[in-house]
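As structure tokens, the structure follows; a few thoughts come after it.
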Amino acid sequence: MTSVWSDLERVLAQVQKPARYIGCEDGAKAKEPDPSLVSWLFTYPDTYEVGLPNQGLQILYEIINERPDARADRSYAPWTDLEAIMRERNIPLFSVEHHTPANEFDVIAFNLSAELTYTNMVNCIDLAGIPIRTADRQLGDTLVMVGGHCTYNPEPVADFVDAVVLGDGEEVVSEITDVLAQTHETREALLRQLAQIEGVYVPSLYEATFGADDMLLAIKPLFDDVPEVIEKRTLADLAEWPYPKEQLVPLTEVVHDRLNVEVFRGCTRGCRFCQAGMITRPVRERPADQVRSMVANGLERTGYSEVSLTSLSTADFSDIGPTVTGIMDDAQAVGSGPVSVSLPSLRVDAFGVDIAAELQRAKRGGLTFAPEAGTWRMRQIINKLIREEDLYSAVEAAYSQGWHRVKLYFMIGLPSETDEDTLGIAELAKNCVKIGKKYNKRASATVSIGGFVPKPFTPFQWFGQNTPQELQRKINLLRDATRKMHGVNIKWHDPKATVVEGIMSRGDRRLGTVIEDVWRNGGVFQEWSEHFELDRWTDAMDRAGLSIDFFSHRHRTEDEVLPWSHLSAGLHADFLWQDWMDALEEVGLPDCRWTPCYDCGACTGYGIEHVVASATPPAGGSQGTGQDLSSTAVPVQLVSR
Amino acid sequence: MNGPRVNYKVRIRFTKQGKIRFTSHRDVARLMERALRKVQLQVAYTEGFSPRPKLSFGLALPVGHESEAEYLDVDFANEIELEGLPERLTAALPDGLTVTSVAGVAPGTKSLQEIISSCRWEIEVLDGTEEEVTHAVEKLVASAELNVERVRKGKTSVVDIRPTILKLEVMGPTSNGTRVVAELATEKVSIRPAELVAVLGPNFSEGRVSRTHQWTIVDGNQMELAV
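Chain order of the listed sequences is A and B. Just remember that the numbering used here sits 278 ahead of the position in the first sequence, which is counted from 1. Just remember that the numbering used here sits 408 ahead of the position in the second sequence, which is counted from 1.
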């Protein structure tokens, strides 16, 4: 195996942030290149500082490197300045550990977490010197695989990828390695064998047919031994997978630059807009003592002073109070300076604030809540059953305990949204600030607004996304409404980017041409506003003869074949449809962790169940259960540091 | 040093070599903070809203340059054992950062930024023959003044950088170019190695650069910082 280091070394002084390209992280595996080992290159298709913290890739990287017959390196998308030099000097995409060219690996595996990174993935494949289309690759070429949440509709990238993994990767990555360790006569034989693995989808082994009206008719396997439906993979018990055991500690600053410990996977709150909550069911908690030891060992090993307890809703962790207390005790016993614990999302109730108060003794800048919608009617539709009183008690708790700014996340463009619902956002913000002013003259609320993008495998997968004009009109409504509200600040995401996310989120494989077109015209780093241009996409759609309205803004019907109908997240189609109908009827659905099972399919279909330490909901607020729990609030006792 | 010493303020000397030279001054600060936590020493923290560990560095080393002589002052919350500390810290740091010595510093000692008067650099000059580089060096040394344009806060001014170049000579060839040694003053007007290479000749470019010493003046005598 070769190394591009000597070429790279010469040019690094000319580029921004060269530390992105040198590796050397604490926790990096230095398993030497060896052609007898199955080799993986785990790649995040964005910059190093965005991609390095990705926990999914770090977990798989460790699992592969623990195998005696395999090894893994990592790579990230080079920034445009280095890319220009690489293309000029014929330096291929490389791994950061050994600076090995990407095409010397058996597999390059991308994490797809955002639709706007698709063109970067194509760019990375091209920089690796691998043919960008699966149809042009031959036996012996590096295989291109993808995983991550976007792969629940991989059709837009079907032309570029050889295999797609659905769901939890911990087990399947090894099963794929077993297949790659064997010899194969032809590429087709290899791909067909990969397609036998549960959770692995090989798009080239399926044919998509379309009707005269452009409607998708079917996606069918080309061979009898290839499954008609691909089921996602789900770990039964997180306790058996205490990964990453050695989280990577980068030399240079990255996003989420702290220790991250996953406390549970899955969420059954049932928010209807939330794809993550739908596709990662059921809830699987990590045992509290394992969380505590992973934190203690992690802090000691890394020297980090901050740990984030990650999950989709960490305040719902059964033992959150005692766990946090234990973490603080352990850190104090070691005594090498203050340790802070952060929760990535705070629940909208006073309980959440009480925990935050214990965790953030010193810094009390802003506290973030996500009510998501402005009126109770709208929150019933999206099944985020937070009452107005819950929000007010949460912000009252925050302002009264010293925070002077709250940040409120909302979405616009939700199903059946009226202007009254939209303006409800301004009303809530105004009332929050009013509460804040009782405690602090400088009290303020920052309202952050995102345009809603319907996602596959959610009850809203049939809903036609708002046009950017409509989203902009709603933003303007809110801007005007809040202009004279003292202390209310409003921020919003560019509705233009939402258009592209919408097309890719629910599009089909005809979009491969569009992705390639945008990439060929220089459309990389589309997640970065300075690089994003909607015209590149609309022009490419026009050239391909495809309609944005067809893919994104049109409402879909129950009998329509969706581009992901040959994939399964365990959820019954009729459950999702019923939940969509219930949404339009403004009927909520309780959290099945604490109420009887309504058989969505995620547990029953796979013979697994929730792993939760407590069968009762945690204290405080209504918490999406729809129940009045306000009287059962139990103050959490935490040890101060 | 007579046996192990204990102190609150400790001056640490370290080297930065290899791939890690591409990290920034801020990166090194974070790496040091984490290493101090890993060896479980109680660093003193600033008071106030967001406490920071009390670490103070000397002159920033430009990204991409190596050094045999970097310094860092650390305030500890209690007395610490200095014996064996260089080895412990080095083990907690990534490859390429090596603590070579530590010493207690008397309270009230001036900061590193204040006491360093000049640095010695070994600079590899590329894209020119040794003869061309030698000629350029001789010409520069013979000059009485060297005016360059500087832009600061949007204003362009002309500065004479000749006084900041205390010493400059050719050391000999490297595998790719010519190594020169320069002693550059760090007070008031200062000049970076990259700037020096640019004034030597517009066609020259900078190869490997290493800071080998940081000097201070004590009683009129130039000497290396005592650690």
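Where is the CB? At the ideal position from N, CA and C, for every residue including glycine. A quick note: this is a predicted structure, and the numbers were derived from the prediction, not measured.
Can you tell me which of V316/A, L360/A and K752/A puts its alpha carbon nearest to the alpha carbon of T238/A?
-> Given a span of 279 to 919 for chain A in the structure shown, any question on residue 238/A remains unanswerable.
State buried or exposed for D503/B, treating a residue as buried only when at least 16 other CB atoms are found within 10 Å of its CB.
-> Locating residue 503/B in the second sequence gives position 95, counting from the first residue. Exposed, since its Cβ has fewer than 16 Cβ neighbours within 10 Å.
Is it buried or exposed for L439/B, if we count other Cβ within 10 angstroms and need 16 for buried?
-> Residue mapping note: residue 439/B aligns to position 31 of the second sequence, counting from 1. Under this definition L439/B is a buried residue.
Could you check how far apart the C-beta atoms of D481/B and R419/B are, in whole angstroms? I think they sit under 8 Å.
-> Translated into the one-based positions of the second sequence, residue 481/B becomes position 73. Translated into the one-based positions of the second sequence, residue 419/B becomes position 11. Yes, they are in contact, since the Cβ atoms of D481/B and R419/B sit about 5 Å apart, within 8 Å.
I300/A vs F430/B beta-carbon contact at 8 Å | Locating residue 300/A in the first sequence gives position 22, where the first residue counts as 1. Locating residue 430/B in the second sequence gives position 22, where the first residue counts as 1. Taking 8 Å as the Cβ cut-off, I300/A and F430/B qualify as a contacting pair.
Can you give the Cα-Cα distance for G615/B and E491/B, rounded to whole angstroms?
-> Start at 1 with the first residue of the second sequence, and residue 615/B comes out as number 207. Start at 1 with the first residue of the second sequence, and residue 491/B comes out as number 83. Rounded to the nearest angstrom, the two C-alpha atoms are 38 Å apart.
Is the CB of T580/A under 8 Å away from at least one CB in chain B?
-> Taking the first residue of the first sequence as 1, we reach residue 580/A at position 302. It does: the Cβ of T580/A has a partner Cβ on chain B nearer than 8 Å.
With a cut-off of 8 Å on the beta carbons, I'd call K733/A and S783/A a contact; round off their distance for me.
-> By one-based count along the first sequence, residue 733/A stands at place 455. By one-based count along the first sequence, residue 783/A stands at place 505. Yes, they are in contact, since the Cβ atoms of K733/A and S783/A sit about 6 Å apart, within 8 Å.
Reference G576/A; option with closest CA among F551/A, R564/A, V457/A and I605/A = Start at 1 with the first residue of the first sequence, and residue 576/A comes out as number 298. Residue nearest to G576/A within the set F551/A, R564/A, V457/A and I605/A is I605/A (criterion: CA-CA distance).
Rounded C-alpha distance that separates K769/A from Q750/A = By 1-based counting over the first sequence, the position of residue 769/A is 491. By 1-based counting over the first sequence, the position of residue 750/A is 472. Roughly 12 Å between the two C-alpha positions.
Determine, using beta carbons only, whether S589/A comes closer than 8 Å to chain B.
-> Here residue 589/A refers to the residue found at position 311 when the first sequence is read from its first residue. So no, S589/A is outside the interface.
Return the residues of the segment 280 to 310 of chain A that lie within a Cβ-Cβ distance of less than 7 Å from chain B, sorted by chain order.
-> L290, A291, P296, A297, I300, C302 and D304
Could you give the distance in angstroms between the alpha-carbon of W623/B and the alpha-carbon of I713/A?
-> Reading the second sequence from its first residue, position 215 is the one you call residue 623/B. Reading the first sequence from its first residue, position 435 is the one you call residue 713/A. If you take the alpha carbons of W623/B and I713/A, they lie about 59 Å apart.
Looking at C-alpha atoms only, which residue of V725/A, L867/A and E698/A is the closest neighbour of C710/A?
-> Within the first sequence, residue 710/A is the residue found at index 432, counting from 1. Per the Cα distances, V725/A.
Would you kindly work out how many angstroms separate the C-alpha atoms of R657/A and L624/A, rounded to a whole number?
-> Taking the first sequence and counting its residues from 1, one reaches residue 657/A at position 379. Taking the first sequence and counting its residues from 1, one reaches residue 624/A at position 346. About 17 Å.
State yes or no: is the beta carbon of S618/B nearer than 8 Å to at least one beta carbon in chain A?
-> Taking the first residue of the second sequence as 1, we reach residue 618/B at position 210. For S618/B, the answer is no, since every Cβ of chain A falls outside 8 Å of its Cβ.
Among Q739/A, A704/A, M819/A and L468/A, which one has its Cα closest to the Cα of S722/A?
-> By one-based count along the first sequence, residue 722/A stands at place 444. Checked all of Q739/A, A704/A, M819/A and L468/A; the closest Cα to S722/A is A704/A.
Residues that L529/A contacts on chain B, provided the C-beta gap is smaller than 7 Å | Working through the first sequence from its first residue, we reach residue 529/A at position 251. The contacting residues are I428, T431, D435, L439 and P502.
State yes or no: is the beta carbon of P581/B nearer than 8 Å to at least one beta carbon in chain A?
-> The residue labelled residue 581/B in the question sits at position 173 within the second sequence. Chain A, which has no Cβ nearer than 8 Å to the Cβ of P581/B, makes this no.
Could you pull out every residue in the same chain whose Cβ sits closer than 8 Å to the Cβ of T546/A, ignoring the five residues on either side in sequence?
-> Translated into positions along the first sequence, residue 546/A becomes position 268. Cβ within range, chain order: G555, R559, P560, V561, D869, C870, R871 and H888.
Who are the Cβ neighbours of D597/A in its own chain at under 7 Å, not counting the five residues just before and after it?
-> The sequence position of residue 597/A within the first sequence is 319, counting from 1. The beta carbon of D597/A sits closer than 7 Å to the beta carbons of A566 and A891 from its chain, once the five residues preceding and following it are set aside; these are given in chain order.
D869/A by DSSP, collapsed to three states: which one?
-> Residue mapping note: residue 869/A aligns to position 591 of the first sequence, counting from 1. The answer is coil: DSSP assigns D869/A none of H, G, I, E or B.
Locate the beta strand (DSSP E) running through E393/A, then write down its first and last residues.
-> Your numbering for residue 393/A matches position 115 in the first sequence. Premise fails: E393/A is in no beta strand (DSSP E) and is neither H nor E.
Neighbour-count burial assignment, H764/A, 16 or more Cβ in a 10 Å radius | Stepping through the first sequence from its first residue, residue 764/A is reached at position 486. It counts as exposed.
When the distance is taken between beta carbons, is I727/A closer than 8 Å to L692/A?
-> In the first sequence, counting from the first residue as 1, residue 692/A sits at position 414. In the first sequence, counting from the first residue as 1, residue 727/A sits at position 449. No.
May I ask you to list the residues that DSSP assigns as paired with E563/A?
-> On the first sequence, position 285 is the one that residue 563/A refers to. Bridge partners of E563/A: F542/A.
Along the segment 446 to 461 of chain B, what residues have a CB closer than 9 Å to any CB found in chain A?
-> K446, V447, Q448, L449, Q450, V451, Y453, G456, F457, S458, P459 and P461
What are the boundary residues of the beta strand (DSSP E) that includes T537/B?
-> For the purposes of this step, residue 537/B is taken as the residue at position 129 of the second sequence. Taken as a continuous stretch (DSSP letters only), T537/B belongs to no beta strand (DSSP E), as it is neither H nor E.
If you count every other CB in all the chains shown that lies within 10 Å of the CB of C243/A, and 16 or more means buried, which is it?
-> Since the first residue of chain A shown is 279 and the last is 919, residue 243/A is not available in this structure.
Among all the DSSP beta bridges, which residues are the ones paired with L483/A?
-> Position 205 of the first sequence holds residue 483/A. Per DSSP, none; premise fails for L483/A.
Give me the Cα-Cα distance between E340/A and H473/B, rounded to the nearest whole angstrom.
-> The sequence position of residue 340/A within the first sequence is 62, counting from 1. The sequence position of residue 473/B within the second sequence is 65, counting from 1. Between E340/A and H473/B, the C-alpha separation is close to 32 Å.
Express the C-alpha separation of T321/A and E433/A in angstroms, rounding to a whole number.
-> The residue you call residue 433/A lines up with position 155 of the first sequence. The residue you call residue 321/A lines up with position 43 of the first sequence. So the two alpha carbons sit approximately 20 Å from each other.
Within chain D, the residues that G613/A reaches when beta carbons sit closer than 8 Å | As a matter of chain content, chain D is missing from the structure shown, whose protein chains are A and B.
Which residues in the same chain as G544/A place their Cβ atom closer than 7 Å to its Cβ, once the five residues preceding and following it in sequence are excluded?
-> In the first sequence, the residue the question calls residue 544/A occupies position 266. Result list for G544/A: T558, R559, P560, V561 and R562, in chain order.
Given G680/A as reference, the closest of K716/A, L686/A and S694/A once Cα atoms are compared = One-based indexing of the first sequence puts residue 680/A at position 402. It is K716/A whose Cα lies nearest to the Cα of G680/A.
Residue from V626/A, Q610/A, F688/A and V435/A with nearest C-alpha to T592/A = By one-based count along the first sequence, residue 592/A stands at place 314. Among V626/A, Q610/A, F688/A and V435/A, the Cα nearest to that of T592/A is on V626/A.
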